[in-house]
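Asker: Residue numbers (the working numbering): 75 to 417.
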């Protein structure tokens, strides 16, 4: 009996050795999924909070690590001009920066099936850059205040003529999105109409905030009746349960568009990796990653579920693109300071 028991134990030990050996051989021939397939470097002007969630989601999903290099628009342009062989393979930046980089010959064209669905207003026709998301300026009303009105003011002139309203605005000198709004209105409406609107709004401004989120918070807390701000901040506070309502200006509004451009002078493998990431940014996966981080931006790709779920079907965007030089922009804002804010 003991002899049979010894034989059984020996057989079990041999079987264990075979199983362990086989598993080890399989592991050697198939590296673990956690092993990175590639790494990607991206020059970007987007907020680092966005970059962080996008990089984490893409690495988890595609096993590719994305290194975002944060730069101002001017620094990005300088980096592209000073480097014959770019350190990055892709640029993810605002459309004004992309237009300058494209004009200097920094990009190579790329149009994918996803990119081809993007409306022409959100991309360069020849494929040198493609918008991935945008953030329009909206009227963010406190819901209790709306109950006191017989009609909702839904255009810029009506907003400027609101009696006894308390309005929250971000200082044009403190935010690129706010400055872009003013310059876009000058381009779309002309000087006389734009200054008339802001002369009407100014007496009702409770505070010129330094950040885009402050006017939204004030509207949500009932400290102002309406805020002029970007939709992404309004959606963030709406998802947190604040009593707010988004109203889109019927006579149009400005927006910040963010997009991608693939750099010249990179290898074929780098180009394939850059194209894959550019397409991913146009997908629902990228939108889900941003929303998980409490960031809500309107996707440019109408084929995504995110595009169909987001509000904004009646959104009218300005058609004229402001093309101010740095000096012209400075002069326009200086005039606003002298003739409106500190008149």
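Cβ atoms here follow ideal geometry from the backbone N, Cα and C, with glycine treated the same way.
Would you tell me roughly how many angstroms separate the C-alpha atoms of residue 250 and residue 343, rounded to the nearest one?
Answerer: Your numbering for residue 250 matches position 176 in the chain shown. Your numbering for residue 343 matches position 269 in the chain shown. Answer to the nearest angstrom: the Cα atoms are 35 Å apart.
Asker: From residue 288 to residue 339, what distance separates their C-alpha atoms?
Answerer: The count along the chain shown starts at 1 and reaches residue 288 at position 214. The count along the chain shown starts at 1 and reaches residue 339 at position 265. Roughly 43 Å between the two C-alpha positions.
Asker: Can you check which of these residues, 310, 392, 297, 120, is closest to residue 195 by C-alpha distance?
Answerer: The sequence position of residue 195 within the chain shown is 121, counting from 1. It is 392 whose Cα lies nearest to the Cα of residue 195.
Asker: Would you kindly check if the distance between the Cβ of residue 154 and the Cβ of residue 175 is under 8 Å?
Answerer: Within the chain shown, numbered from 1, the residue matching residue 175 stands at position 101. Within the chain shown, numbered from 1, the residue matching residue 154 stands at position 80. Their beta carbons are under 8 Å apart, which means residue 175 touches residue 154 by this criterion.
Asker: Using alpha carbons as the reference points, say which of 310, 209, 152, 293 lies closest to residue 255.
Answerer: Against the chain shown, residue 255 aligns to sequence position 181. The option with the nearest alpha carbon to residue 255 is 209.
Asker: Under DSSP, the alpha helix (DSSP H) around residue 171 begins and ends at which residues?
Answerer: Your numbering for residue 171 matches position 97 in the chain shown. For residue 171, the enclosing alpha helix (DSSP H) has its first and last residue at 169 to 177.
Asker: Residue 363 and residue 167: beta carbons closer than 8 Å?
Answerer: In the chain shown, residue 363 corresponds to position 289, counting from 1. In the chain shown, residue 167 corresponds to position 93, counting from 1. The answer is no: Cβ separation not under 8 Å.
Asker: Are there 16 or more other CB atoms within 10 angstroms of the CB of residue 416, so buried, or fewer, so exposed?
Answerer: Numbered from 1 along the chain shown, position 342 holds the residue referred to as residue 416. Exposed, since its Cβ has fewer than 16 Cβ neighbours within 10 Å.
Asker: Ignore the nearest five residues each way along the sequence and tell me which others in residue 312's own chain have a CB closer than 6 Å to its CB.
Answerer: Taking the chain shown and counting its residues from 1, the one referred to as residue 312 is at position 238. For residue 312, where only same-chain residues beyond five positions count, the Cβ hits under 6 Å are 318.
Asker: What span of residues does the alpha helix (DSSP H) with residue 254 cover, start to end?
Answerer: Translated into the one-based positions of the chain shown, residue 254 becomes position 180. Residue 254 -> alpha helix (DSSP H) spans 250 to 263.
Asker: Please state whether DSSP places residue 358 in a helix, a strand or coil.
Answerer: One-based indexing of the chain shown puts residue 358 at position 284. In this structure, residue 358 counts as helix in the three-state DSSP scheme.
Asker: Which whole-angstrom value is the C-beta distance of residue 212 and residue 321, which I expect to be below 8 Å?
Answerer: Here residue 212 refers to the residue found at position 138 when the chain shown is read from its first residue. Here residue 321 refers to the residue found at position 247 when the chain shown is read from its first residue. Contact check for residue 212 and residue 321: beta-carbon distance about 7 Å, within the 8 Å limit, so the pair qualifies.
Asker: Which same chain residues, not among the five before or five after residue 197, have their C-beta less than 6 Å away from its C-beta?
Answerer: Stepping through the chain shown from its first residue, residue 197 is reached at position 123. Counting only Cβ-Cβ distances below 6 Å, and skipping sequence neighbours, we find 204, 205.
Asker: Does the structure place the region 402 to 412 close enough to the region 256 to 274 that three or more beta carbon pairs sit under 8 Å?
Answerer: For the pair of segments examined, the region 256 to 274 was found to touch the region 402 to 412: the number of CB pairs separated by less than 8 Å reaches three.
Asker: Per DSSP, which one or two residues make a beta bridge with residue 209?
Answerer: What you label residue 209 is simply residue 135 of the chain shown in a count that begins at 1. Paired residues: 330.
Asker: State the Cα-Cα distance for the pair residue 450 and residue 126, rounded to the nearest angstrom.
Answerer: The chain is shown only over 75 to 417; residue 450 falls outside these bounds and no answer can be derived.
Asker: Rounded to the nearest angstrom, how far is the Cβ of residue 240 from that of residue 278, given a contact under 8 Å?
Answerer: The sequence position of residue 240 within the chain shown is 166, counting from 1. The sequence position of residue 278 within the chain shown is 204, counting from 1. Right, the Cβ-Cβ distance comes to about 6 Å (below 8 Å), so this counts as a contact.
Asker: Take residue 325 and list the residues in its own chain whose beta-carbon comes closer than 7 Å to its own, dropping the five residues that flank it on each side.
Answerer: On the chain shown, position 251 is the one that residue 325 refers to. The residues are 229, 230.
Asker: For residue 411, which option in 358, 293, 273, 310 has the closest C-alpha, if you only look at C-alpha atoms?
Answerer: In the chain shown, counting from the first residue as 1, residue 411 sits at position 337. Per the Cα distances, 273.
Asker: Can you have a look at residue 388 and say buried or exposed, based on whether 16 or more other CB atoms are within 10 angstroms of its CB?
Answerer: As a first step, residue 388 must be located in the chain shown, where it is residue number 314. Classification for residue 388: exposed.
Asker: Grouping DSSP H, G and I as helix and E and B as strand, with all else coil, what is residue 336?
Answerer: Counting from one through the chain shown, the residue named residue 336 turns up at place 262. Three-state result, residue 336: strand.
Asker: Between which two residues does the beta strand (DSSP E) harbouring residue 318 extend?
Answerer: Here residue 318 refers to the residue found at position 244 when the chain shown is read from its first residue. Its beta strand (DSSP E) spans residues 318 to 321.
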